[in-house]
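Student: Sequence order for the protein chains is U and C. Position in the first sequence counted from 1, then plus 1057, gives you this note's numbering. Position in the second sequence counted from 1, then plus 1057, gives you this note's numbering. Pasting a structure here, questions to come.
There are 2 protein chains.
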Amino acid sequence: MSVNARANPVLLLIDVQKTWSDPAWGPRNNESAEDNIAALLHWWRRHDLPRIIVQHHSKSPASRLAMGQPGCALRSEVTPEPGELLLTKSVNSAFIGTNLEDVLIANGWTDVVVVGLTTVHCCSTTIRMGANLGFKMSAVADAMATFDAKTLQGQTVPAEIMHQVELAALNDEFATILNTKDLIG
Amino acid sequence: MSVNARANPVLLLIDVQKTWSDPAWGPRNNESAEDNIAALLHWWRRHDLPRIIVQHHSKSPASRLAMGQPGCALRSEVTPEPGELLLTKSVNSAFIGTNLEDVLIANGWTDVVVVGLTTVHCCSTTIRMGANLGFKMSAVADAMATFDAKTLQGQTVPAEIMHQVELAALNDEFATILNTKDLIG
Chain U
1058 MSVNARANPV LLLIDVQKTW SDPAWGPRNN ESAEDNIAAL LHWWRRHDLP RIIVQHHSKS
1118 PASRLAMGQP GCALRSEVTP EPGELLLTKS VNSAFIGTNL EDVLIANGWT DVVVVGLTTV
1178 HCCSTTIRMG ANLGFKMSAV ADAMATFDAK TLQGQTVPAE IMHQVELAAL NDEFATILNT
1238 KDLIG
Chain C
1058 MSVNARANPV LLLIDVQKTW SDPAWGPRNN ESAEDNIAAL LHWWRRHDLP RIIVQHHSKS
1118 PASRLAMGQP GCALRSEVTP EPGELLLTKS VNSAFIGTNL EDVLIANGWT DVVVVGLTTV
1178 HCCSTTIRMG ANLGFKMSAV ADAMATFDAK TLQGQTVPAE IMHQVELAAL NDEFATILNT
1238 KDLIG
């Protein structure tokens, strides 16, 4: 694998929740993201490498990610198993309002491999902050997905462009960008 | 102005340093960014609203932003005046390794207007983290600039596309996106 297995790389699964198949979010890219996430999690479990599952609990009651909303539930592929840490967060960064930084430091885990949704919001923000805190971040491009967005001028930017451009912004500066096959192929 | 002047909005000037006119960075967009930043700073000074100037000091000696490198110097437009806070940082987020969060809280400053360079690295990361820490962030699109980047497939993404797509990612989720004329026009 491209990450250093001897460094005990952590698989950090961001917001792999049911809501993202709700058409209310609009068009998304990479419908294979959850399958690739499941394959990576399976591999990490088989090699007994550390896994941290992060679930978004919005504090806004109207949010589709508010606790108790059906879309807030974790997808079955990432149901935590014994020994797996489940963290909840209420903002984009998994490092804010959680003990993620402490957990990584206490265990000597310096390498973090990020998968999940969405590329441009919670994954990007967590990757940026992790890198700035001194962790060696990797992002698995084909195990992330995102949605169409609009420019200030009202033009729609297709989800795939949002995804690729955000990864180009992260590349080198914050993270190593990989695909699933680079890790477990 | 679009921000609430009664809330004492802080103008947060990110990395307005000489290096960004060095052709070594490659093609950039919005050559007017520094003029718009200067106009905003002038307006903020005239109205005696708070200003915080952030200067990047890379810890990598080879960086064009390492202390002592000519490009690390602040541009003359943002030379701090008495009473203006100058913070130095060594990572993208102006909230990491600085007392920015403490300063904002201690002064009751909840509204932060971000300008500077680059859009996709230090501005975006600071805006994301500020929003996640609970501050009301605004980004001034025409007072920011960024550079060409490459996708994983090696395709060049022009600086203007990087800029617009990053702002689309920030819009609504992390910040209100404005232009200079919305604030001081």
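Backbone N, C-alpha and C fix where the C-beta goes; we use that ideal spot for every residue, glycine too.
According to the Cβ coordinates, are alanine 1151 of chain C and cysteine 1179 of chain C closer than 9 angstroms?
Tutor: yes
Student: Smallest Cα separation from glutamine 1210 of chain U: which of C:Asn1228, C:Gln1126, C:Gln1210 and C:Met1201?
Tutor: Check the Cα spacing between glutamine 1210 of chain U and each of C:Asn1228, C:Gln1126, C:Gln1210 and C:Met1201: the tightest is with C:Asn1228.
Student: How far does the beta strand (DSSP E) with glutamine 1148 of chain U in it extend, from its first residue to its last?
Tutor: Reading the sequence as shown, one finds valine at residue 1148 of chain U and not glutamine. Annotation: valine 1148 of chain U is outside any beta strand (DSSP E) and is labelled neither H nor E by DSSP.
Student: Alanine 1096 of chain U by DSSP, collapsed to three states: which one?
Tutor: helix
Student: Starting from the C-beta of threonine 1213 of chain C, find all residues in its chain whose C-beta is less than 7 angstroms away, skip the five residues before and the five after it, and write them out in chain order.
Tutor: Cβ neighbours of threonine 1213 of chain C beyond the five flanking positions: Asp1205 and Lys1207.
Student: Let me see if you follow: with CB-CB separation under 9 angstroms, is isoleucine 1234 of chain U close to chain C or not?
Tutor: yes
Student: Using a Cβ-Cβ distance under 9 angstroms, would alanine 1123 of chain C count as near chain U?
Tutor: no
Student: Excluding five sequence neighbours on each side, which residues of the same chain lie with their C-beta closer than 7 angstroms to the C-beta of threonine 1155 of chain U?
Tutor: Leu1144 and Lys1146
Student: Determine the contact status of isoleucine 1071 of chain U and asparagine 1189 of chain C, defining contact as a CB-CB distance below 9 angstroms.
Tutor: no
Student: Answer yes or no: do glutamate 1141 of chain C and arginine 1108 of chain C have a C-beta to C-beta separation smaller than 9 angstroms?
Tutor: Note that the C-beta distance between glutamate 1141 of chain C and arginine 1108 of chain C is below 9 angstroms.
Student: Does any residue of chain C have a CB that is nearer than 9 angstroms to the CB of glutamine 1074 of chain U?
Tutor: no
Student: Give me the residue from C:Pro1139, C:Asn1086 and C:Ser1089 with the minimum Cα distance to isoleucine 1110 of chain C.
Tutor: The alpha carbon of isoleucine 1110 of chain C has as its nearest neighbour, out of C:Pro1139, C:Asn1086 and C:Ser1089, the alpha carbon of C:Pro1139.
Student: Could you tell me whether the Cβ of serine 1150 of chain C comes closer than 9 angstroms to any Cβ of chain U?
Tutor: yes
Student: Rounded to whole angstroms, what is the Cα-Cα separation between aspartate 1199 of chain U and glutamine 1221 of chain U?
Tutor: 10 angstroms
Student: I'd like to know if phenylalanine 1231 of chain U contacts chain C, where contact means its C-beta is closer than 9 angstroms to some C-beta of that chain.
Tutor: yes
Student: Check whether the Cβ atoms of asparagine 1149 of chain U and threonine 1183 of chain U lie closer than 9 angstroms to each other.
Tutor: Yes, Cβ-Cβ distance for asparagine 1149 of chain U and threonine 1183 of chain U is below 9 angstroms.
Student: Please classify arginine 1102 of chain U: does DSSP put it in a helix, a strand, or coil?
Tutor: helix
Student: Using a 10 Å radius around the Cβ and a threshold of 16 neighbouring Cβ atoms, would you call glycine 1173 of chain U buried or exposed?
Tutor: buried
Student: In chain C, which residues lie with their C-beta within 7 angstroms of the C-beta of valine 1111 of chain U?
Tutor: Neighbours of valine 1111 of chain U on chain C: none; closest Cβ ~14 angstroms, over 7 angstroms.
Student: With 9 angstroms as the C-beta to C-beta threshold (strictly closer), list the residues of the stretch 1202–1226 of chain C near chain U in chain order.
Tutor: Thr1203, Ala1206, Lys1207, Thr1208, Leu1209, Gln1210, Gln1212, Val1214, Ile1218, Met1219, Gln1221, Val1222, Glu1223, Leu1224, Ala1225 and Ala1226
Student: Roughly how many angstroms lie between the CA atoms of phenylalanine 1192 of chain C and glycine 1242 of chain U, to the nearest whole one?
Tutor: 43 angstroms
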